[in-house]
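Student:
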Amino acid sequence: MPSYRRTWVPGGTYFFTVTLHDRRSNLLTREIDLLRRVVAQTRRRHPFRIDAWVVLPEHMHCLWTLPPDDADFATRWKVIKSGFARRIPCHESRTFAQRRRGQRAIWQQRYWEHLIRNDTDCRRHFDYIHLNPVKHGLVTAVKDWPFSTFHRAVADGLYPEDWAGDPSLEVRAAERV
Numbered sequence: 001m002p003s004y005r006r007t008w009v010p011g012g013t014y015f016f017t018v019t020l021h022d023r024r025s026n027l028l029t030r031e032i033d034l035l036r037r038v039v040a041q042t043r044r045r046h047p048f049r050i051d052a053w054v055v056l057p058e059h060m061h062c063l064w065t066l067p068p069d070d071a072d073f074a075t076r077w078k079v080i081k082s083g084f085a086r087r088i089p090c091h092e093s094r095t096f097a098q099r100r101r102g103q104r105a106i107w108q109q110r111y112w113e114h115l116i117r118n119d120t121d122c123r124r125h126f127d128y129i130h131l132n133p134v135k136h137g138l139v140t141a142v143k144d145w146p147f148s149t150f151h152r153a154v155a156d157g158l159y160p161e162d163w164a165g166d167p168s169l170e171v172r173a174a175e176r177v
């Protein structure tokens, strides 16, 4: 069985897919204000630049750039996931092992990470992130999804407001369709 090894590059730009344990949940969009607060708190303690982010009901994709001397995205995800989970009332069922270890069944344990290799790779992932709500049938126009950095990208002149993207765009994002 092959073992997956993460790539650690100080100052690197990374694409992530992070998913809830319950793929039918709408917890992330329902608790978007809490998620935003936890991310902001994490960034104060462990800085990183948010290049792009989209939050869907049960998963999210983002593109981060870490500081030049730092490659530790794992700590940032641990702080975000645990900070969010601690503040959500416990309604999910948990296994005996999860209860014994004090774990919640909110997040899938792992996440997808991809080191961005060049400008083309970055642009493909940037577009993929913003197109994702359309891909999943949540909206028909990218501009209609409120939980995305698309609106910031429009304000920065990176996209026209009516950008529709390329619906055939695919990247390895470790998500089920």
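Quick note: the sequence shown uses full-length UniProt numbering, first residue 1, plus one each step.
Positions of the beta carbon are idealized from the N, C-alpha and C atoms, including for glycine.
I believe Glu113 touches Arg5 by the beta-carbon criterion, under 8 Å. Please report the beta-carbon distance rounded to the nearest angstrom.
Tutor: Within the sequence shown, numbered from 1, the residue matching residue 113 stands at position 113. Within the sequence shown, numbered from 1, the residue matching residue 5 stands at position 5. No, Glu113 and Arg5 are not in contact; Cβ-Cβ is about 11 Å, not under 8 Å.
Student: Where Pro146 and Arg124 are concerned, what is the direct C-alpha to C-alpha distance, given to the nearest angstrom?
Tutor: Position 146 of the sequence shown, counting from 1, holds the residue named residue 146. Position 124 of the sequence shown, counting from 1, holds the residue named residue 124. If I take the Cα positions, the gap works out to 21 Å.
Student: Helix, strand or coil for Leu63? Go by DSSP, reduced to three states.
Tutor: By one-based count along the sequence shown, residue 63 stands at place 63. The answer is strand: DSSP assigns Leu63 an E or B state.
Student: State the Cα-Cα distance for the pair Val142 and Trp77, rounded to the nearest angstrom.
Tutor: For the purposes of this step, residue 142 is taken as the residue at position 142 of the sequence shown. For the purposes of this step, residue 77 is taken as the residue at position 77 of the sequence shown. Cα to Cα, the separation comes out at about 26 Å.
Student: Use the C-beta contact count for Val9: other C-beta atoms within 10 angstroms, 16 or more gives buried, fewer gives exposed.
Tutor: Numbered from 1 along the sequence shown, position 9 holds the residue referred to as residue 9. With fewer than 16 Cβ atoms within 10 Å of its Cβ, Val9 is classed as exposed.
Student: Below 7 Å CB to CB, which residues in the same chain sit around Glu161 once its five sequence neighbours on both sides are set aside?
Tutor: In the sequence shown, residue 161 corresponds to position 161, counting from 1. Cβ within range, chain order: Lys143, Val154.
Student: Do the region 50 to 57 and the region 104 to 111 meet, that is, are 3 or more Cβ pairs less than 8 Å apart?
Tutor: No contact exists between the region 50 to 57 and the region 104 to 111.
Student: Which residues bound the beta strand (DSSP E) around Leu115?
Tutor: Residue mapping note: residue 115 aligns to position 115 of the sequence shown, counting from 1. Leu115 -> beta strand (DSSP E) spans 112 to 115.
Student: Within a Cβ cutoff of 6 Å, which residues of the same chain sit near Ser25, ignoring the five residues on either side of it in sequence?
Tutor: Working through the sequence shown from its first residue, we reach residue 25 at position 25. Excluding sequence neighbours, Ser25 sits near Glu58.
Student: Can you give me the C-alpha to C-alpha distance between Arg110 and Ala85, rounded to a whole angstrom?
Tutor: Indexing the sequence shown from 1 puts residue 110 at position 110. Indexing the sequence shown from 1 puts residue 85 at position 85. One C-alpha to the other measures close to 15 Å.
Student: From Val79, Asp22, Arg23, pick the residue whose C-alpha is nearest to that of Arg44; which is it?
Tutor: Counting from 1 along the sequence shown, the entry for residue 44 is found at position 44. Residue Val79 is the option with its Cα nearest to Arg44.
Student: Does the beta carbon of Asp69 sit closer than 7 Å to a beta carbon anywhere in chain D?
Tutor: The chain labelled as chain D is not found in the depicted structure, where only one protein chain is given.
Student: In terms of residue numbering, what span does the alpha helix (DSSP H) encompassing Ala155 cover?
Tutor: One-based indexing of the sequence shown puts residue 155 at position 155. Looking at the DSSP string, the run of the alpha helix (DSSP H) that includes Ala155 is 150 to 155.
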